[in-house]
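Here is the structure we will look at, set down as structure tokens.
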Amino acid sequence: MLRFIVQRLFAAAITIWIATIAVTLLIHLVPGDPVRIMYAGFQTTEAEIEAIRARLGLDQPVWRQYFMYLGRVLQGDLGHSIVGNQPVLDTLLQRFPATLALTVSALVIAVVVGGSLGFFAAYKRGTAWDFGAMTLAIVGVSMPHFWLGLLLLFLFSMTLGWLPVGGSGWRNLILPALTLGLATGAVIARLTRSAMIDIFDQDFVRTAHAKGLPKTLVLYRHALRSGLVPVVSMLGLQFAYLMGGAIVIENVFAWNGVGRLAIQAVFARDYPLIQGFILFFATVVALVSVVIDVTYALLDPRIRYGT
Amino acid sequence: MSAPLLQVRDLSVAFGPVRAVDGLSYDLHAGETLAIVGESGSGKSVSSMALLGLLPPRSARIEGGTAVFDGQDLLRLSDRDLRRVRGNRIAMIFQEPMTSLTPVLRIGQQLTEALVEHRGLSQAAARDKALEMLRLVDLSDPPRRMRQFPHELSGGMRQRVMIAMAMALEPDILIADEPTTALDVTVQAEILGLMRDMQARFGTAILLITHDMGVVAEMADRVVVMHRGRKVEEGPVRAIFGSPRADYTAALLAAVPRLGARSAEDGPRPIIDQPALPGAVVLHAEGMSKVFAGRGGIFGQSGGTVAMHDVGFSVRAGETLALVGESGSGKSTSGRAVLRLLEVDEGRIELEGDDMRALSTRSLRKARRSMQMVFQDPFAALNPRISIGRLIAEPMLIHGIARGSELEDRVAALLRRVGLEPVHMKRFAHEFSGGQRQRICIARALSVGPKLIVADEPTSALDVSVQAQVLELMLELQQSMGLAYLFISHDMAVVEEMAHRVAVMRQGRIVEMGPRRAVLGAPRHPYTAALLAAVPKPDPTAQRPKLPRLDLKDLPMGPLAQTAPDHWVAQ
Amino acid sequence: MSAPAEPVAAAPVAPRRAIWALLRSPSGAVGLAIVLLLVVVALLAPVIAPYDPYRMASGPRLAPPSWDHWMGTDQLGRDVFSRIVHGARLTLMIGTIAVGISLTAGLLLGLVAGYAGGWPERILMRLVDVVFSFTEIVIALACLAILGVGLINAMIAIGIASIPFYARITHSVVLVEKNKPYFEAAVAAGASHLRLIFLHLLPNVIPTLIVVGTLGVSTAVLAAAGLSFLGLGAQPPQPEWGFMLSSSRDLISGAPWMMIFPGLAIAITVLGFNLLGDGVREVLDPRQRAR
Chain H
3 MLRFIVQRLF AAAITIWIAT IAVTLLIHLV PGDPVRIMYA GFQTTEAEIE AIRARLGLDQ
63 PVWRQYFMYL GRVLQGDLGH SIVGNQPVLD TLLQRFPATL ALTVSALVIA VVVGGSLGFF
123 AAYKRGTAWD FGAMTLAIVG VSMPHFWLGL LLLFLFSMTL GWLPVGGSGW RNLILPALTL
183 GLATGAVIAR LTRSAMIDIF DQDFVRTAHA KGLPKTLVLY RHALRSGLVP VVSMLGLQFA
243 YLMGGAIVIE NVFAWNGVGR LAIQAVFARD YPLIQGFILF FATVVALVSV VIDVTYALLD
303 PRIRYGT
Chain C
26 MSAPLLQVRD LSVAFGPVRA VDGLSYDLHA GETLAIVGES GSGKSVSSMA LLGLLPPRSA
86 RIEGGTAVFD GQDLLRLSDR DLRRVRGNRI AMIFQEPMTS LTPVLRIGQQ LTEALVEHRG
146 LSQAAARDKA LEMLRLVDLS DPPRRMRQFP HELSGGMRQR VMIAMAMALE PDILIADEPT
206 TALDVTVQAE ILGLMRDMQA RFGTAILLIT HDMGVVAEMA DRVVVMHRGR KVEEGPVRAI
266 FGSPRADYTA ALLAAVPRLG ARSAEDGPRP IIDQPALPGA VVLHAEGMSK VFAGRGGIFG
326 QSGGTVAMHD VGFSVRAGET LALVGESGSG KSTSGRAVLR LLEVDEGRIE LEGDDMRALS
386 TRSLRKARRS MQMVFQDPFA ALNPRISIGR LIAEPMLIHG IARGSELEDR VAALLRRVGL
446 EPVHMKRFAH EFSGGQRQRI CIARALSVGP KLIVADEPTS ALDVSVQAQV LELMLELQQS
506 MGLAYLFISH DMAVVEEMAH RVAVMRQGRI VEMGPRRAVL GAPRHPYTAA LLAAVPKPDP
566 TAQRPKLPRL DLKDLPMGPL AQTAPDHWVA Q
Chain A
43 MSAPAEPVAA APVAPRRAIW ALLRSPSGAV GLAIVLLLVV VALLAPVIAP YDPYRMASGP
103 RLAPPSWDHW MGTDQLGRDV FSRIVHGARL TLMIGTIAVG ISLTAGLLLG LVAGYAGGWP
163 ERILMRLVDV VFSFTEIVIA LACLAILGVG LINAMIAIGI ASIPFYARIT HSVVLVEKNK
223 PYFEAAVAAG ASHLRLIFLH LLPNVIPTLI VVGTLGVSTA VLAAAGLSFL GLGAQPPQPE
283 WGFMLSSSRD LISGAPWMMI FPGLAIAITV LGFNLLGDGV REVLDPRQRA R
């Protein structure tokens, strides 16, 4: 088990390491002069441009730039943003709690709604209930997140007037979390259904029935506990998608998280901020996957007690 | 005779439009063993699942009949009432011990839950009973087993747990659906013995579902023979084996290979008038070793598995060398190694004197013309998206043997050679039966005129009547074309029919090698003797000798030494 | 992206039978109908659309749906229905080209890595896994940061962003197929690398990729609409659905039709490809049909 955790942590470290290489290369793939593009909206002289180039280390060979960047990253320095000249890490950390609140509450909604819908559909496989649940799920999968957000906004804020339109209190979190949660829940419902159907077809479920156990006991003790393993194992990926979806949803609801920051950075061509965001995103996703992998390992004795 | 315990009348089960079971009737009496035998698709499994309401509810439908047990018709019981019978009065064990236990629950919980449910025992009482059952099924250290998860036990141990679980409630009937089919022959012998012990102790009636006539002869009091959903014959086991009335039963029994049937002969049965005799050495292998790396990744290898250690043998033209052994013995690895489908770590492989391991990729491709392979699962061995005509033609195209209309003529001739029609050329693998598919695989192997064919369990996925036909085809081809066979099998009776010489493998090593008649008739290695003793004989009059209790740790597993002309035994 | 990376197994199906089977599965028939309708609308857009999608003041500004303007007009007086009809062209183009990019690159990557095995496979797939975990939207953002905003760039960005997904699926199918005896039989017959890859592996990978590619169109459409919604894709005055939604944002309470119809158009398109993908999977994989 310890070995498993170490392996997962090692894999996460590799992911983050590759992300540092990717973001260093990013700036070099920009067609034209990145410094001029970044400062396109500023009044700058040639001398200032060269000074900025030197400060960002862009006059150095790529490999040296990479090691300089890596060295700074290891010290927790992600550089300064072009717009506002703020330390990138501080800016990201300041915005991150909002994003975390959004994604975690959305994940809870997604797992509860999607998980139970998928389980229910698998249990009622082939019936009208299954068909209804899966129709709901595929419609949910097909709706653009931001449109669902706009519809909820129109319904609950504008027409019914129950919830505020924008802002940063917990009442403002309800709609974005619901939007993201329902959209992801639809995906989880489909995945859960197919995982549970696989489980229901397993020999050991037949054995449990053959023992004469009550249906509910077979369902919860044998099928559900086994089904949790594949279902939880796919949550890592779903969380990554949730983080990605949050970027859009934050913009719909003017929720001040890192996603909104990222879009502003892309518009402004604020490369240090974009680099910092990608690295930050990769790190969060990698660490959350480690947590989720360990969770499913705890559920699966083959890993828990394996080598 | 008293009233039957279970009375099945006119049972019919349909899957969609197909009747899988059609008007089946039989009685099961207290304490007896009734075997239901049949080949795949005979409906033998379906009929027993129907009794306990375990058929897949969406696809299967019980169309009629009754199954009276203890005064009530099982087929008409409510879910609730049927549940009280299941596991309690009628228990069941299944074919696949590896997948029949819930992987995330401890053995202890799986053993006790039915006791708690049906008997209302306290956890402590259920635990005591479970421990007692684990001792009865001869598992070591029961308290530790209780805490273990299924993946920590071997297949044989899991089947013991399944039996303990089934017998803990002392049911009136035990339904055993192919209980030993997935197990090695020595483990099978132990499990069958255990089932008999349990029956004697608890007086349980056993409904044994199997395709294996050897198991039937050894276990059954009475037999029901099924074919395509119908009962073709029923009777006491000696009558069925001694004087079968139905033609189907007679044909089935005739097709069963019997170990010892050719013990007085040196070679296989001659199929043609003047069979080719063993000639020059085609394949010579020596010192082959292979270690499969453990899954370790970056932190180094975590102990590899020794798949082959110092394996060597040779095969002559027109001769069959059989590699026999249980799962994990390295017999398949050896077969694939000589074809260089798998690279050995050490060793020398010569095909007609050429060093195979020294060949470049290009010359190896050319050399493949002389050696071909026939696989265990003929369906998986045929690319599903290419017509069989093109599949058979492919090796000839690759080696530039023929093209155009000549190629087509050759494919047609090959199809006829293996007993199929040239019109089949345009069809795809899924349109053929299992036996036909294996014939297609053989035709493909023959297309390039190989000297050596490695056949890896070529008939173990086939029904016994089809197996007999495919084996006869292989013998006929060998005798007329002088082919060398490396024949890999776990089935001693099939080996006896096919082989000139036999090599017995265990844990990656050859423990005994010599002429078939000597090795099977007078084995010199204790493991060979144990393997042979474990084979169930398809003869109800034969008394199985008491199984030798094999001390696996003390088996001689050292280098081979010659003990008789051409007869080698591990020391 | 939600498509499970399960390989599609099973026997070949004759084309005519396949279409028949597709029409008989409810999801396949509905999906096919939606997709065909979309294609017809896109091809005949100038004929179907009652107004020029770019012409301002085709009617009054912010007019609610009426007989003249079925879906109302926007803040510049353009006919929403005409803009949606023309938007179908953009949407289909983005969807198919983006999938074309990612499918081709992903297929090659997965095929080569899976066939090669050993350390090239391990390094390549490890890299693919890492990039995959960044998620499509972040990769697309990175691409747009490099290329700059715009509809064509968004399309390329989405295409690049999905490469790891297709590479992973192809790789997983290749791993399954490579370990089947038929592949070993071809090796034993002496087949060359090219023959093994293109004659034996590729045909068995294609069915899975047809399914995944169909489902992938819907993902690409969603992603492109999302980027345009954020202002990173389509630029004014392009009649792109996601962009139309973003300009409706401030007018939701007064002119909800500007928000409802483009969103509906996206949802129906995506639903169509999702249903079609599910339907094709059922046809190609009998295991799924039994469910």
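Residue numbers (this note's numbering), protein chains in the order written: chain H, 3 to 309; chain C, 26 to 596; chain A, 43 to 333.
Every residue gets a Cβ at the ideal spot worked out from N, C-alpha and C, and that includes glycine.
Just so it is clear, the structure is predicted and the values come from calculations on it, not from any experiment.
Query, Result
"Between the CA atoms of Met582 of chain C and Val536 of chain C - distance to the nearest angstrom", "6 Å"
"Range covered by the alpha helix (DSSP H) that runs through Val1 of chain H", "Lying outside 3 to 309, the shown extent of chain H, residue 1 of chain H is not represented and no answer is given."
"Chain H contact for Pro128 of chain C (CB, 8 Å cutoff)", "yes"
"Rounded C-alpha distance that separates Leu416 of chain C from Ala233 of chain A", "12 Å"
"Member of H:Leu60, H:Val167, H:Leu182, H:Asp203 whose CA lies at the smallest distance from the CA of Ala256 of chain H", "H:Val167"
"Rounded distance between the beta-carbons of Ile190 of chain H and Gly116 of chain H, thought under 8 Å", "3 Å"
"Between the CA atoms of Gly255 of chain A and Gly156 of chain A - distance to the nearest angstrom", "19 Å"
"Proximal residues, the region 152-166 of chain C versus chain A, C-beta separation under 9 Å", "none"
"Own chain, CB closer than 7 Å to Val127 of chain A, minus 5 neighbours either side, in chain order", "Val83, Ala87, Ile90, Ala91"
"Chain-ordered chain H contacts of Leu10 of chain C [CB-CB under 7 Å]", "Here chain C has residues from 26 to 596 only, and residue 10 of chain C is not among them."
"Buried or exposed by the 16-neighbour rule on C-beta atoms within 10 Å, applied to Tyr243 of chain H", "buried"
"Per DSSP, cross-strand counterpart(s) of Gln280 of chain A", "Gln280 of chain A is not bridged to any residue."
"Residue burial classification, Phe69 of chain H (beta-carbon count within 10 angstroms, cutoff 16)", "exposed"
"Cα-Cα separation between Gly322 of chain C and Ala182 of chain A, rounded to whole angstroms", "With a pLDDT of 43 at Gly322 of chain C, under the threshold of 50, the modelled position of that residue is not reliable, and the figure given next carries that caveat. About 32 Å."
"Span of the beta strand (DSSP E), counted from its first residue to its last, around Arg44 of chain C", "43-53"
"Sequence-distant residues of its chain with Cβ nearer than 8 Å to Arg101 of chain C (five each side left out)", "Thr91"
"Coil, strand or helix - Phe255 of chain H by DSSP", "coil"
"Length at least 4, wholly inside the region 216-270 of chain H: the alpha helix (DSSP H) runs in chain order", "227-235, 237-254, 260-270"
"Of the residues C:Ile132, C:Gln148, C:Leu194, the one placed nearest Pro167 of chain C, counting alpha carbons only", "C:Ile132"
"Buried or exposed by the 16-neighbour rule on C-beta atoms within 10 Å, applied to Asp434 of chain C", "exposed"
"C-alpha gap between Phe285 of chain A and Val141 of chain A, whole angstroms", "21 Å"
"Separation of Leu157 of chain H from Ile18 of chain H, as counted between CA atoms", "41 Å"
"Within chain H, the residues that Thr124 of chain C reaches when beta carbons sit closer than 8 Å", "Gln204, Asp205, Phe206"
"From A:Ala99, A:Gly137, A:Arg59, residue whose alpha carbon lies closest to that of Val77 of chain A", "A:Gly137"
"Assigned exposure category for Ser147 of chain C - 16 Cβ within 10 Å defines buried", "exposed"
"Residue of A:Leu287, A:Gly119, A:Val247, A:Asn246 minimising C-alpha distance to Tyr93 of chain A", "A:Gly119"
"Interface flag, Glu377 of chain C vs chain A, CB-CB below 8 Å", "no"
"Three-state secondary structure assigned by DSSP to Gly321 of chain C", "Confidence is the limiting factor: at Gly321 of chain C the pLDDT is only 43, short of 50, which leaves the residue's position unreliable and the question unanswerable from this model."
"Chain B contact for Ala288 of chain H (CB, 8 Å cutoff)", "The displayed structure is made up of protein chains H, C and A, and chain B is not among them."
"Interface partners of Asn221 of chain A on chain H, CB under 7 Å", "Within chain H, no residue comes near Asn221 of chain A; the closest Cβ sits about 20 Å away, beyond 7 Å."
"Straight-line gap, Lys222 of chain A to Arg361 of chain C (C-alpha atoms, nearest Å)", "14 Å"
"Coil, strand or helix - Ser44 of chain A by DSSP", "Because the pLDDT of Ser44 of chain A is 38, which lies under 50, any placement of that residue in the model is unreliable, and the number read from its coordinates should be weighed accordingly. Coil."
"Given 8 Å, three or more beta-carbon pairs between the region 170-184 of chain H and the region 97-115 of chain H", "yes"
"Asp320 of chain A, buried or exposed, once every other Cβ within 10 Å from all chains shown has been counted against 16", "buried"
"Straight-line gap, Leu4 of chain H to Leu243 of chain A (C-alpha atoms, nearest Å)", "39 Å"
"Straight-line Cα distance separating Ile115 of chain C from Lys220 of chain A", "44 Å"
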